[in-house]
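Quick notes on the structure that follows.
Protein chains: 2
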Amino acid sequence: MTGRRGGRRPGSPDTRGAVLASARTLFAERGFTGTSVRAVAEGAGVDAALVHHYFGTKRELFLAAVAIPLDPAVVLGALHSVPRAQLGETVVRAVIGFWDGDHREAGIALLRAQLTDPESTILRTFIGDIIAGALGANADLDPDTAATRTALVASQIGGILLLRYIVGLDPIASMSVDELAAHIGPTVQRYLTDPMP
Amino acid sequence: MTGRRGGRRPGSPDTRGAVLASARTLFAERGFTGTSVRAVAEGAGVDAALVHHYFGTKRELFLAAVAIPLDPAVVLGALHSVPRAQLGETVVRAVIGFWDGDHREAGIALLRAQLTDPESTILRTFIGDIIAGALGANADLDPDTAATRTALVASQIGGILLLRYIVGLDPIASMSVDELAAHIGPTVQRYLTDPMP
Numbered sequence: 001m002t003g004r005r006g007g008r009r010p011g012s013p014d015t016r017g018a019v020l021a022s023a024r025t026l027f028a029e030r031g032f033t034g035t036s037v038r039a040v041a042e043g044a045g046v047d048a049a050l051v052h053h054y055f056g057t058k059r060e061l062f063l064a065a066v067a068i069p070l071d072p073a074v075v076l077g078a079l080h081s082v083p084r085a086q087l088g089e090t091v092v093r094a095v096i097g098f099w100d101g102d103h104r105e106a107g108i109a110l111l112r113a114q115l116t117d118p119e120s121t122i123l124r125t126f127i128g129d130i131i132a133g134a135l136g137a138n139a140d141l142d143p144d145t146a147a148t149r150t151a152l153v154a155s156q157i158g159g160i161l162l163l164r165y166i167v168g169l170d171p172i173a174s175m176s177v178d179e180l181a182a183h184i185g186p187t188v189q190r191y192l193t194d195p196m197p
Numbered sequence: 001m002t003g004r005r006g007g008r009r010p011g012s013p014d015t016r017g018a019v020l021a022s023a024r025t026l027f028a029e030r031g032f033t034g035t036s037v038r039a040v041a042e043g044a045g046v047d048a049a050l051v052h053h054y055f056g057t058k059r060e061l062f063l064a065a066v067a068i069p070l071d072p073a074v075v076l077g078a079l080h081s082v083p084r085a086q087l088g089e090t091v092v093r094a095v096i097g098f099w100d101g102d103h104r105e106a107g108i109a110l111l112r113a114q115l116t117d118p119e120s121t122i123l124r125t126f127i128g129d130i131i132a133g134a135l136g137a138n139a140d141l142d143p144d145t146a147a148t149r150t151a152l153v154a155s156q157i158g159g160i161l162l163l164r165y166i167v168g169l170d171p172i173a174s175m176s177v178d179e180l181a182a183h184i185g186p187t188v189q190r191y192l193t194d195p196m197p
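Here the protein sequences come in this chain order: A and B. Using the UniProt record's numbering, you'd call the opening residue of the first sequence number 1 and step up by one each time. Using the UniProt record's numbering, you'd call the opening residue of the second sequence number 1 and step up by one each time.
Structure (structure tokens):
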């Protein structure tokens with residue numbers, strides 16, 4: 001429309017779009033750890049330094065690429081400052097509070113899109129690398145059991161997100177955050193801190 | 001192809017198909033309790049007695065309409081015969097054993113299809129009426145809290161189905177049924193039998 005066809009300018013909207021498209025493709029194909037910022041940059045035809053300049057770390061690039069509007073490390077950052085016995089309830093309040101807020105529609109769209117695509121590994125990458133990293137760092141999990149603990153927490157929280165926002169099953173859909181924290185918090189606490197069976 | 005166009009014969013494949021199509025439409029629009037066998041029959045242009053003859057009860061018709069290959073009342077029937085303290089583990093073993101078996105592909109296809117359709121109420125109906133009925137009858141739940149207990153159980157089991165069969169997140173995806181029962185059984189037990197917070 002404006003005559004700016006052809007050349008791709010660093011930082012212009014089409015450069016950002018090309019980087020994000022390249023990132024989505026590579027993260028889906030190779031997962032989080034198998035994807036380098038350099039490879040994303042090459043896929044977009046730009047320099048890796050430019051990718052870092054515009055999107056920050058690889059984790060921040062991933063979150064931008066899959067349109068997750070807030071970094072789980074920020075959502076779960078409160079875990080540092082609560083007593084260990086309140087970790088479960090704090091996780092539930094942080095996640096449900098986030099989803100109940102402004103990000104609800106984006107979250108539902110992302111979840112639905114990822115669930116419908118049999119080839120996508122985005123959710124696996126998101127839970128297995130991003131959430132696991134945030135939980136492990138903020139909740140001080142035993143490294144030997146951290147992957148299992150994170151997956152169990154994800155199963156309980158994921159099931160709640162599914163029933164509350166996608167299926168719309170009452171009373172899960174209509175419970176307050178306080179009620180959900182009372183019901184689900186002890187489960188998450190057990191998965192995070194109790195001895196493994 | 002065979003010249004049998006036009007007239008719909010009782011019990012012929014096109015009659016069965018018409019009944020199932022009418023059932024899917026009405027269950028999705030009106031939910032389980034809001035749909036009568038008579039209305040399904042009217043929608044298909046056949047007699048209600050014929051629907052009962054070919055599909056049995058309304059619950060059996062629902063299961064056939066949404067292509068759920070086995071009745072939850074059968075899967076959960078074992079709950080009658082176990083000590084009350086083993087209800088949680090028994091539920092986990094019954095559901096995961098069922099999904100790990102021959103019905104895995106059909107289950108995944110159904111779950112994916114229902115999650116992608118924002119208008120569908122099939123999963124809500126399935127959990128809220130069919131599963132709730134089977135759990136309530138077989139696990140002898142307190143009627144005042146049965147809906148909440150069932151929804152909480154569904155959130156934990158649903159999250160496991162999601163991570164194990166759709167997302168494919170390890171170690172949930174690769175755990176044995178025994179391991180899953182040890183991890184998740186106590187959660188389901190708590191939701192079924194512990195005092196509500």
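A virtual CB, placed ideally from N, CA and C, is assigned to each residue, including glycine. All figures in this text were calculated on a predicted structure; none of them were measured in a lab.
Taking a Cβ-Cβ cut-off of 7 angstroms, the neighbours of residue 163 of chain B in chain A comprise 151, 154, 155 and 158, given in sequence order. Sixteen is the threshold: when 16 or more other Cβ atoms of the shown chains lie within 10 Å of the Cβ of residue 37 of chain B, as they do, the residue is buried. Residues of chain B with a Cβ closer than 7 angstroms to the Cβ of residue 148 of chain A are, in chain order, 171. DSSP, read as helix, strand or coil, puts residue 76 of chain A in helix. Where residue 125 of chain B is concerned, the enclosing alpha helix (DSSP H) starts and stops at 122–125.
Interface with chain B (7 angstroms Cβ-Cβ cutoff): residue 183 of chain A is included.
Among the CB atoms of chain B, one or more fall inside 7 angstroms of the CB of residue 124 of chain A. The region 141–158 of chain A makes contact with the region 156–174 of chain B, as at least three CB pairs between them are under 8 angstroms. Per DSSP, the unbroken alpha helix (DSSP H) holding residue 55 of chain A starts and ends at 48–55. DSSP places residue 82 of chain A outside both helix and strand once states are collapsed to three, so it counts as coil. Ranked by Cα distance from residue 145 of chain A, the options A:193, A:114, A:104 and A:161 are led by A:193.
Counting along the chain, residue 191 of chain A sits inside the alpha helix (DSSP H) bounded by residues 177–193. Residues of chain B whose Cβ lies closer than 8 angstroms to the Cβ of residue 17 of chain A do not exist; the shortest such Cβ separation is about 26 angstroms. Of all residues in the region 82–104 of chain B, none places a beta-carbon less than 8 angstroms from a beta-carbon of chain A.
The CB of residue 115 of chain B comes closer than 9 angstroms to the CB of 111, 112, 115, 116, 162, 166 and 167 in chain A, given here in chain order. Straight across, the Cα-Cα distance linking residue 16 of chain A with residue 65 of chain A is about 10 angstroms. Contact annotation: in the region 126–147 of chain A, residues whose CB is within less than 7 angstroms of a CB in chain B are 127, 128 and 147.
Boundaries for residue 66 of chain A: no alpha helix (DSSP H) harbours it, and the DSSP string shows neither H nor E there. For residue 26 of chain B, the secondary structure class from DSSP, reduced to helix, strand or coil, is helix. A distance below 6 angstroms between beta-carbons, with the five flanking residues on each side excluded, links residue 133 of chain A to no residue of its chain. Nearest CB-CB separation between residue 195 of chain A and chain B: not below the 7 angstroms threshold. In this structure, the beta-carbon distance from residue 31 of chain A to residue 121 of chain A falls below 7 angstroms.
By the C-beta density criterion, residue 75 of chain A is buried, having at least 16 other C-beta atoms within 10 angstroms. An exposed status is given to residue 105 of chain B, since fewer than 16 other beta-carbon atoms sit within 10 Å of its beta-carbon.
The beta-carbon distance between residue 177 of chain B and residue 77 of chain B, rounded to whole angstroms, is 18 angstroms. This is too long to meet the 8 angstroms contact definition.
Counting along the chain, the unbroken alpha helix (DSSP H) around residue 153 of chain A starts and ends at 146–161. Contact note: residue 33 of chain B does not reach chain A at a C-beta cutoff of 8 angstroms; the least C-beta distance is about 13 angstroms. At least 7 angstroms separates the CB of residue 57 of chain A from every CB of chain B. Around the Cβ of residue 139 of chain B, a 10 Å sphere holds 16 or more other Cβ atoms; the residue is buried. For residue 97 of chain A, the secondary structure class from DSSP, reduced to helix, strand or coil, is helix.
Separation of residue 61 of chain B and residue 46 of chain B (C-alpha to C-alpha, rounded to the nearest whole angstrom) is 15 angstroms. Secondary structure note for residue 134 of chain B: its alpha helix (DSSP H) is the uninterrupted segment 132–139.
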